[in-house]
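Asks:
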């Protein structure tokens, strides 16, 4: 397996290291995203359907998302990285004097509550907390990893509260270990998803959240605005 080469700076970047070790990753959720056509949401202002959705109402927004997912064979929806999201604007969590942000810093995997969440790479528990502010992560676990001498963190938010039980910082996890479960709908969840991203030591990476799973919609409820990956 390729190793870090100090004479080639790019080889030591986190992106390069993750690419070199990509075959060692375990799935975060128990679905094969390479099978079928997973739904990719557009949560920017370009999606005019969002004008008809109460996006700051967690129940209404959840129903909109999962009605679209229920129209597909694969029960997973995908939210895009680096997306300027309309629901983050004018949110007290993202639009204050200290930090104003509307760009999404991860990739969402929208799944049903109770879905197990697994560790993608071996690591140790860095910290855990229940962040219960409106729109915050809710029950959250952060893992610390190290590959080729480079430390980085993965974050899992909006888990079920039982996911935090019995955990202490320093606990070791192997790739594929069950970390917890997607939580039920709460006031903290900003959308039903497992969100993934990467980070060097700033503790922002994998996170997970969910809402109640609405009943299967009629054919008329299925939108054509979301798309499949190309």
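Numbering (the numbering used here), first residue to last: 5 to 234.
All C-beta atoms, glycine included, are put in the ideal place defined by N, C-alpha and C.
Mind the definition here: the stretch 21-30 touches the stretch 64-73 only if three or more C-beta pairs lie below 8 Å; say whether that holds.
Replies: no
Asks: In whole angstroms, give me the CA-to-CA distance for residue 183 and residue 156.
Replies: 18 Å
Asks: Exposed or buried, which one is residue 31 when buried takes at least 16 other CB atoms within 10 Å?
Replies: exposed
Asks: CB of residue 31 to nearest heavy atom of the ligand ZN: below 7 Å?
Replies: What this structure holds is no ligand at all, so the ligand ZN is not there to describe.
Asks: Verify whether the separation of the beta carbon atoms of residue 80 and residue 45 is less than 8 Å.
Replies: no
Asks: Is it true that the CB of residue 145 sits closer than 8 Å to the CB of residue 129?
Replies: yes
Asks: Return the Cβ separation of residue 3 and residue 134 in integer angstroms, given the expectation that the two are a contact with Cβ distance under 8 Å.
Replies: Only positions 5 to 234 of the chain appear in this structure, which leaves residue 3 out of reach.
Asks: Please classify residue 173: is it buried, with 16 or more other beta-carbons within 10 angstroms of its beta-carbon, or exposed?
Replies: exposed
Asks: Where do the ends of the alpha helix (DSSP H) carrying residue 317 lie?
Replies: For the chain, the structure presents residues 5 to 234; residue 317 sits outside this window and is missing.
Asks: Express the C-alpha separation of residue 76 and residue 61 in angstroms, rounding to a whole number.
Replies: 24 Å
Asks: When the Cα atoms are used, what is the spatial distance from residue 185 to residue 147?
Replies: 15 Å
Asks: Counting along the chain, where does the beta strand (DSSP E) carrying residue 82 start and finish?
Replies: 81-83
Asks: Name, in chain order, the residues that DSSP records as bridge partners for residue 176.
Replies: 128
Asks: Would you mind working out which of 119, 89, 123 sits nearest residue 109, comparing C-alpha positions?
Replies: Nearest option by C-alpha distance: 89.
Asks: Going by DSSP, what residue range makes up the alpha helix (DSSP H) through residue 238?
Replies: This structure leaves residue 238 out entirely; the chain is present only between 5 and 234.
Asks: If I'm right that residue 63 touches residue 87 with Cβ under 8 Å, what's the distance once you round it to whole angstroms?
Replies: About 22 Å; that fails the 8 Å criterion.
Asks: On the premise that residue 162 lies in contact with residue 127, defined as a C-beta separation below 8 Å, what is that separation, rounded to the nearest angstrom?
Replies: Actually they are not in contact, since the Cβ atoms of residue 127 and residue 162 sit about 20 Å apart, beyond 8 Å.
Asks: Does the Cβ of residue 34 have 16 or more other Cβ atoms within 10 Å, making it buried, or fewer, making it exposed?
Replies: exposed
Asks: Determine which residues share a DSSP beta bridge with residue 135 and list them.
Replies: 142
Asks: Going by other Cβ atoms of all chains shown within 10 Å of its Cβ, with 16 needed for buried, is residue 19 buried or exposed?
Replies: When all chains shown are included, residue 19 counts as exposed.
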